[in-house]
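Counting in UniProt numbering, the sequence shown runs from 1 upward without gaps.
We put the beta carbon where it would ideally sit given N, CA and C, even for glycine.
Notes follow once the structure below has been shown.
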Amino acid sequence: MQSVFRANKHVASISKTLRPYSTIAISPNEDVASVNDVFKSSPVTTTTSTTTTDQMSNSQIKTILQNLPSARLIDSYRTSSLHATVSPDVETTRNYQIRQELIKLREERNYNNLLALLQIWSARDIDNMVEVLGHDVISDYLTELISFGHLAVHQHYNLNPILKSLKLQKNETTRIKSRRFTPREKNFQIRTIYKNLIYNSSSKDFFYDLERRQDIYKSENLTGYKLTIKDFENLIQLELNNFKLDNASRWFKLFRKYFGGNDGFQKFMTPKLWQLVFQLEANGENKHWVLKGTELSMYKVNPLSDAMNVKKFKKFSNFSFSDFQDESIWPDLTLDFHGAVVQHFGYNGNLSQLKKYVQFIWGVDESGKLVGKKLNPDDRLYPDMNLLKNLFVSLSYSGEFFSAIKYVNDFQAIYDSIKGYNPKVFWERVFNRAHITTLYDEECAFKYFLKQSNYSNISINLDDAQKDVNFDYEGYLQFMEKLKTERRNVFGQIWKIVDNENEIAYSNYIYKTYLNYLKEEIEENVEQSYFNYLSSLLKQYHFYYTDPASFTRKSESGFTPTPKYDEFIRVLYNEAIRALIDYKGMNLLIGQIEPLIEKWSIDEEMKQELHEWVNEERMIIYKENLETKRAEYMNNLMEQDSEEDDKFLSLL
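Next comes the structure, spelled out in structure tokens:
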């Protein structure tokens, strides 16, 4: 990568007038749903009346369309093809009205209806759609819609901790549980629009058909329209968002084929394409990385396993570092591209090269000090929150958890004018890495201890090892206590920061992760830790609470409704208080359960639910546990009495 630094000498002279670029990528959930369920449109009735569309005046059509809700406009376009003839004037007016409605939907960010309208229009008359909007405008619309799909997925994944909590509580009645989310639906719609752009909508040809894998234009049902460079950007981004790296790689391979071939494609590459390809081919997107714990745990999550055939995709199959060594391309490369390079180094564990690259671009050395030129806030390469997050993930992925936090804090202190700084996003990643880095299970920890102590029989189990005089059991206990203390200290420090820092907004992920940690019961004072957690949640609940009947909760009020954080917080609060009840019940403190419910329930509804849960499901378990421990105590007491009797008899 030395040539990367040589080529990058032009970064300092980048023009600040160049168009900024950005990217979004997150994994979607592969749920299948019908496209027709995206929204509920008003029914449109067609009749054989003598008053047809071509007999209406332009002013009448304009008045009707301006007063139609977006969903009804979509249906009106769907049924317009049923009319035998449409006069040129009416056709022009209709095209104008549809174009204006698209602009309105875009300005209002009503992306569900915008996407549905484009899909229907492309299926009915792709020639008219291209004529009215233009190919470039269609591509721009689809760029926004792909980003919208990402945001919808992101919102869903923010809800995942709450859904897991509800499942744990076996809550089947909540409104949150019943919310339907189908990200694949939007992906299908976007793919359908591109399918209609390339092939006649009446045909069944599709660009993912086996016979078109090498050439998407191998068809007898072509419309005549070819994909532009912008379209290839969109399709690669779509599949990256969808975690289908095999499909994304195929689109890049086709781009190289249609634009310059393997020897000339570089001159057609845009800054956006360089960024996407680096994310795709060079591990430059951490959301695609396999998450692995240390040797002390079996933690492993592969985000690609359910989304694609991993065996069919190979990194660097369509790309090499030599492809972008032309110095002329470097002045246009974006912040997101450089962030992808940072992640590439982080994934490969090349942290020294990573820090050299950071120093070369942003002037911050490996110790977190400014040694080069600091970029101005209006520079296109001035760091953003996404870079900070990716920088931390790249460093901590190779085990440098604490040094990663310090390095990023020092970096942020230097570049203190980051726009849209949202510490919540950063600290969510901190909690994620803290959990993975300090996680351990007893079996893996035991095997690790055997290896480190050079014990001869590493296949032995703990029970048998305790009987061996050569096994350092006391050292093993100290080792386990050290792991427990390290995990406790890490979570204690980061939780204290999040709980006391007002700038860090409430996060479902952070609070759920910390609750899961509390359930491990490794805190020195478990009860007090639960009470502190409940107090923190209660403060957040009162801060975010809004009446369900409030106009701010209604989506049709002309603005984005407030998030229902109070509902989410209530779910976690319910789970936490149940965990504390269980802790008391299993530790022979049954008499403290009722006062706990009476004092700490948010309202009467929660109080009643908790009483029913304890009486119907948990009390029998607590009493059985009580009887078991009582029997154990009596047995131990009898054994002690027997030993004392034996000693007395021996004296006689």
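Of the residues assessed, Glu481 falls on the exposed side of the cut-off, its CB having fewer than 16 other CB atoms within 10 angstroms. Contact annotation: the region 396–413 does not touch the region 297–307, with fewer than three C-beta pairs closer than 8 Å. Taken through DSSP and simplified to helix, strand or coil, Leu168 comes out as helix.
Of the candidates Leu370, Val371, Val430, the residue whose Cα lies closest to the Cα of Leu391 is Val430.
Counting only unbroken stretches of 3 or more residues, no beta strand (DSSP E) element lies wholly within the region 364–418. Comparing alpha carbon positions, the residue from Glu486, Asn502, Tyr347 closest to Asn422 is Asn502.
Between His135 and Thr228, the C-beta gap is smaller than 8 Å, which places the two residues in contact.
Residues Ala404, Arg433 of the same chain have their beta carbon placed closer than 6 Å to that of Ser396, with the five preceding and five following residues left out of the count. Excluding the 5 residues flanking it on each side, Lys267 has same chain C-beta neighbours closer than 8 Å at Gly260, in chain order.
If you look at Ala445, you'll find it in the alpha helix (DSSP H) that goes 442–452. Put simply, of Lys204, Phe265, Val393, Asp472 the residue whose alpha carbon is nearest the alpha carbon of Ile436 is Val393.
In the DSSP assignment, Gly585 falls within the unbroken alpha helix (DSSP H) covering 565–586. Per DSSP, Ile497 is one residue of the alpha helix (DSSP H) stretching across 473–500.
By the Cβ criterion, the region 525–536 is in contact with the region 565–583, since at least three pairs of Cβ atoms, one from each stretch, lie closer than 8 Å. Spanning the alpha carbons of Leu596 and Phe446 requires a straight line of approximately 38 Å. Around the Cβ of Phe232, a 10 Å sphere holds 16 or more other Cβ atoms; the residue is buried.
Note on geometry: alpha-carbon atoms of Asn635 and Val490 lie some 41 Å from one another. Residue pairing by DSSP places Leu304 opposite no residue, since no beta bridge is assigned to it. Counting the other Cβ atoms within 10 Å of the Cβ of Lys451 gives fewer than 16, which makes it exposed. In this chain, the alpha helix (DSSP H) harbouring Asp231 covers 229–241. The region 377–391 and the region 337–351 touch, with three or more beta-carbon pairs separated by less than 8 Å. The three-state secondary structure of Leu333, taken from DSSP, is coil. At least 8 Å separates the beta-carbon of Lys373 from that of Ile414. As the crow flies, the alpha-carbon of Ile103 is around 46 Å from that of Leu370. Judged by DSSP secondary structure, Thr513 falls within the alpha helix (DSSP H) whose first and last residues are 508–518. Taking 8 Å as the cut-off, the beta carbon of Glu575 is found no closer than this to the beta carbon of Gln325. Taking all protein chains shown into account, Ile458 has fewer than 16 neighbouring C-beta atoms within 10 Å of its C-beta and is therefore exposed.
The alpha-carbon of Ala248 is positioned some 50 Å away from that of Ser601. Comparing alpha-carbon positions, the option among Glu107, Ser203, Ile361, Leu610 lying closest to Leu335 turns out to be Ile361.
Relative to Glu474, the option among Gln100, Phe449, Tyr96, Tyr194 whose CA is nearest is Phe449. Relative to Asn508, the option among Ala340, Ala152, Val425 whose CA is nearest is Val425. Put simply, of Phe252, Ile522, Trp251, Val469 the residue whose alpha carbon is nearest the alpha carbon of Arg488 is Ile522. Pairwise C-beta distances place the region 188–205 in contact with the region 117–124, as three or more of them are shorter than 8 Å.
Here DSSP, grouped into helix, strand and coil, assigns Tyr633 to helix.
The shortest C-alpha to C-alpha distance from Asn234 to any of Met298, Ala123, Lys607, Ile138 is the one to Ile138. If you look at Leu115, you'll find it in the alpha helix (DSSP H) that goes 111–124.
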